[in-house]
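Residue numbers (the numbering used here): 85 to 616. Working notes, beginning with the structure itself.
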């Protein structure tokens with residue numbers, strides 16, 4: 085490398101944006117035009133890369149920030165480039181999902197509401213009987229009495245001609261008993277919302293598709309927090325720590341993109357980490373690990389006991405065939421259970437679930453997932469219709485409440501404000517991801533080709549104890565959340581092979597100790613997104 089280039093690499097004025105993403109290698113062609121060449125000098129910036137020497141010419145030991153930054157930079161780069169597409173898809177589908185509740189209610193207003201609000205509702209049993217006359221197929225899975233004056237009652241049926249996670253819901257006018265229609269539902273979600281739920285959850289690819297959303301949830305928090313550390317470090321080195329939350333609107337194009345990327349990411353980072361954690365809690369593999377952890381820590385959601393043993397007669401037959409025989413249920417039983425629940429103080433919306441076996445108890449659960457949350461539940465004896473067990477929401481462990489609230493917030497169940505926040509988070513994440521890729525693309529060499537990754541050897545910059553601790557933590561995280569560990573292992577393998585091939589060709593990426601020329605804003609680790 086010509087000596088003039090070497091001098092340029094260590095010049096303080098030229099190392100400004102090394103902060104967030106990998107700079108171009110020294111042997112590459114000059115970066116795209118002179119935007120980065122016009123960066124204002126920032127005194128002291130070069131210390132992040134080339135520490136000052138003492139009077140004897142020896143370099144002082146690197147600080148913790150200097151040791152960790154190369155690793156964070158490379159980690160963030162690969163996470164952004166390779167996990168970014170998963171995060172972008174999750175952000176787009178999640179934003180669409182957050183907009184759907186109002187659409188759902190508009191599309192199915194005929195099924196959900198009555199034409200005329202009467203003065204007296206029919207007994208719940210009569211409403212159930214009307215639904216069964218129109219739809220005798222299958223068995224009753226649950227009944228949700230009309231929660232509002234103008235709402236319909238839902239009678240949900242388990243039928244053999246639908247997938248196991250789908251049910252047929254019949255909508256009944258509680259005043260006249262008229263059946264206003266039936267729809268295929270998933271839980272309480274109607275078809276439109278179910279379609280968008282599946283899109284966000286598995287891209288309509290079934291069980292295999294769930295891996296995409298788990299990869300996104302597993303990596304979102306890592307990419308976001310790593311990007312935040314890099315962004316704060318960049319602002320500190322450029323003496324603009326007070327501008328972590330604001331972009332540089334008058335900066336050259338690439339640096340302006342970088343600062344928008346970092347500032348927007350900082351505004352939304354708490355929401356991103358919350359979405360990541362709540363999304364993992366019901367994911368396929370990490371969700372199972374979280375469930376085991378919650379069980380060990382007694383953070384599980386308590387439920388009423390409905391086993392046959394809770395009734396005096398069923399108790400004597402626990403385990404024999406009578407416990408497995410289908411229960412005998414009549415429509416009038418729903419009226420009796422509804423009356424018991426009302427007398428016990430439960431309020432709509434509530435879900436009545438018939439016994440699953442002969443002698444088992446009925447369960448009635450409040451289902452108000454908004455604010456204030458109401459999840460009180462009772463078990464009702466199938467013969468006497470007396471309350472035999474009760475669990476109030478106030479009795480739930482604090483972490484069980486927090487988990488439920490986090491999931492409800494993730495799904496936008498706290499109303500219009502919750503939905504608006506989710507939409508803003510989604511738009512913000514999309515913006516950060518797109519800007520990350522844009523910065524990366526703008527850093528490509530003028531002679532063609534793709535921008536190169538930050539230098540190798542970043543793990544060796546750590547102290548031995550730090551490196552060991554990092555490896556242990558990453559291994560534990562990879563075991564706990566497999567779709568974090570598997571992609572990471574793939575990154576390491578691909579990067580190692582790439583490094584071997586590049587070194588044999590004599591054109592490998594320089595080690596992290598070399599500063600790649602003046603970069604005004606580093607390729608921004610592409611999906612850097614979550615980041616800053």
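C-beta atoms are modelled at their ideal positions from N, C-alpha and C, and glycine is treated no differently.
I believe residue 355 touches residue 315 by the beta-carbon criterion, under 8 Å. Please report the beta-carbon distance rounded to the nearest angstrom. That belief does not hold up - the Cβ atoms of residue 355 and residue 315 are roughly 16 Å apart, past 8 Å.
Alpha carbon of residue 112 to alpha carbon of residue 147, nearest angstrom: Only weak support is given to the placement of residue 112: the predicted model assigns it a pLDDT of 37, under 50, and the question is left unresolved by the model.
Would you mind listing the alpha helix (DSSP H) stretches within the segment 455–509 that are 4+ residues and don't spill past its ends, in chain order? 482–494
Going by C-alpha distance, which of 251, 449, 574, 492 is nearest residue 358? 492
Assign residue 367 to buried or exposed, taking buried as 16 or more other Cβ atoms, counted over all protein chains shown, within 10 Å of its Cβ. buried
Near residue 82, what residues of its chain come up, given a Cβ to Cβ distance below 6 Å and the 5 sequence neighbours on each side ignored? No statement about residue 82 is possible, as the shown extent of the chain runs from 85 to 616 and does not include it.
Let me confirm a value: residue 338 is counted as buried when at least 16 other C-beta atoms fall within 10 Å, else exposed. Which label applies? buried
Span of the alpha helix (DSSP H), counted from its first residue to its last, around residue 200: Residue 200 -> no alpha helix (DSSP H), and no H or E assigned at all.
Grab the span of the beta strand (DSSP E) containing residue 293 for me, first residue to last. Residue 293: not part of any beta strand (DSSP E); DSSP gives it neither H nor E.
Apart from the five residues on each side of it in sequence, which residues of its chain come closer than 7 Å, Cβ to Cβ, to residue 394? Only weak support is given to the placement of residue 394: the predicted model assigns it a pLDDT of 49, under 50, and the value that follows is read from those uncertain coordinates. The residues are 445, 463, 472, 473.
Thinking C-alpha only, which one of 277, 260, 259 is nearest residue 267? 277
Going by the CB atoms, is the gap between residue 523 and residue 274 shorter than 8 Å? no
Does the pairing of the segment 197–210 with the segment 219–239 give three or more beta-carbon distances under 8 Å? The answer is yes - the segment 219–239 touches the segment 197–210, with three or more Cβ pairs under 8 Å.
Check for me: the alpha helix (DSSP H) holding residue 589 runs from which residue to which? Note, residue 589: alpha helix (DSSP H), 566–589.
Mind checking whether residue 516 and residue 469 have CB atoms under 8 Å apart? no
With burial defined as no fewer than 16 other Cβ atoms inside 10 Å of the residue's Cβ, what is the status of residue 549: buried or exposed? By the Cβ neighbour-count rule, residue 549 is exposed, with fewer than 16 other Cβ atoms within 10 Å of its own.
Quick check on the burial criterion: 16 or more other C-beta atoms within 10 angstroms. Buried or exposed for residue 588? exposed
Closer than 8 Å by C-beta to residue 507: which residues in its own chain qualify, once you throw out the five before and the five after it? Chain order, please. 179, 182, 183
Simplified DSSP state of residue 107, which is helix, strand or coil: For residue 107, the predicted structure reports a pLDDT of 37, less than 50, and the residue's modelled location is therefore unreliable. A value from the coordinates is still provided. Three-state DSSP puts residue 107 in coil, outside helix and strand.
Check whether the Cβ atoms of residue 163 and residue 306 sit closer than 8 Å, and answer yes or no. yes
Tell me, please, whether the segment 236–244 touches the segment 203–216 by the rule of three or more beta-carbon pairs shorter than 8 Å. By the C-beta criterion, the segment 236–244 is judged to be in contact with the segment 203–216, since at least 3 inter-stretch pairs fall below 8 Å.
Quickly, what does DSSP pair residue 241 with across the bridge? List them, please. 224, 252
Candidates 559, 560, 155, 578: closest to residue 310 by CA position: 155
What residues in its chain sit with their C-beta under 6 Å from that of residue 426, if we drop five residues either side in the sequence? none
Determine whether the beta carbon atoms of residue 546 and residue 151 lie at a separation below 8 Å. yes
Around the C-beta of residue 568, are 16 or more other C-beta atoms found within 10 angstroms, so that it is buried, or is it exposed? buried
Tell me, please, which residues DSSP counts as bridged to residue 272. Note: residue 272 sits in no beta bridge, so no partner.
Are the CB atoms of residue 385 and residue 478 within a distance shorter than 8 Å? no
Report yes if the C-beta distance between residue 475 and residue 226 is below 8 Å; otherwise report no. No, these two residues do not count as a Cβ contact at 8 Å.
Return the first residue and the last residue of the beta strand (DSSP E) that residue 447 is part of. 446–450
How close, in whole Å, do the beta carbons of residue 461 and residue 452 come, if the pair is a contact with beta carbons under 8 Å? Not really, about 12 Å apart at Cβ, beyond 8 Å.
Pop quiz: residue 327 and residue 319 are said to be a contact at Cβ under 8 Å. What is the actual Cβ separation, rounded to whole angstroms? Distance from residue 327 to residue 319 at the Cβ level is roughly 6 Å; contact confirmed, criterion being Cβ atoms closer than 8 Å.
Put residue 416 into one of helix, strand or coil per three-state DSSP. helix
Can you name the residues that DSSP bridges to residue 436? 227, 448
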